[in-house]
Amino acid sequence: GGVSIYIQEVFSKAIAYISVKIDLDAIAKLQLETSIEDIRSRILAWKPLKLKNASNMVSIQSNVMTSAPLRVYPPDNSPERMLFSLQRLKLELPNVVIKGIPTVGRAVIKDVSGKGDSLQLLVEGTNFREVCVCFYPIVSTLIIVLS
Numbered sequence: 596g597g598v599s600i601y602i603q604e605v606f607s608k609a610i611a612y613i614s615v616k617i618d619l620d621a622i623a624k625l626q627l628e629t630s631i632e633d634i635r636s637r638i639l640a641w642k643p644l645k646l647k648n649a650s651n652m653v654s655i656q657s658n659v660m661t662s663a664p665l666r667v668y669p670p671d672n673s674p675e676r677m678l679f680s681l682q683r684l685k686l687e688l689p690n691v692v693i694k695g696i697p698t699v700g701r702a703v704i705k706d707v708s709g710k711g712d713s714l715q716l717l718v719e720g721t722n723f724r725e726v727c728v729c730f731y732p733i734v735s736t737l738i739i740v741l742s
């Protein structure tokens, strides 16, 4: 989704896969501090894709620092199920969380007083404890607002 240039199906006589071109400029602008290898690992670990964590299911073409596309191979490559499997991959790949807490949509630290001495942590999503653990070393005087 947000850090890909395209996600497209590729078909040849011998093989079919999903090609994902990663936008390294978008990753840098968002300050995600992640690599192509990290993205590959997150794709393999994303449960809805059901890739069974097999290392050959997602391959990186050429150097990991280039913006060469990732290849994601379908878990079911039988001729009868290949198209369905590719379409499911293409539909689910934009939902893969490559950095952060998957159940949290957004977390914002708000300066209530304008001086930095009174802050609020606003969290959209679930797993609030994990968000607090992330912010604890940074901010010790935090007002937590549940919404």
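Oh and the sequence shown: position 61 is 656 in my numbering, straight run, nothing missing.
Heads up, the beta-carbon is just placed ideally off N, CA and C, and yes, glycines get one too.
Asked: Under DSSP, the alpha helix (DSSP H) around Leu-717 begins and ends at which residues?; Found: Looking at the DSSP string, Leu-717 is not in any alpha helix (DSSP H); the run it does join, the beta strand (DSSP E), is 714 to 720.
Asked: Name the DSSP beta bridge partners of Val-699, please?; Found: Gly-720
Asked: What residue range does the beta strand (DSSP E) around Glu-604 cover?; Found: 599 to 606
Asked: Just grab the DSSP bridge partners of Asp-706 for me.; Found: Leu-714
Asked: Can you tell me where the alpha helix (DSSP H) with Ser-636 in it begins and where it stops?; Found: 631 to 640
Asked: Based on the DSSP output, what are the partners of Tyr-612 in its beta bridges?; Found: Val-605
Asked: So, helix, strand or coil for Ser-657, using DSSP?; Found: Reliability fails at Ser-657, whose pLDDT of 49 lies under 50, so the model's placement of it is uncertain and the value that follows must be treated cautiously. Ser-657: coil per DSSP, three-state reduction.
Asked: Does any C-beta atom of chain D lie closer than 7 Å to the C-beta of Phe-679?; Found: Reference to chain D is not applicable here, since this structure consists of a single protein chain.
Asked: Take the Cβ of Tyr-612 as the centre, count every other Cβ of all protein chains shown within 10 Å, and call the residue buried at 16 or more, exposed below.; Found: buried
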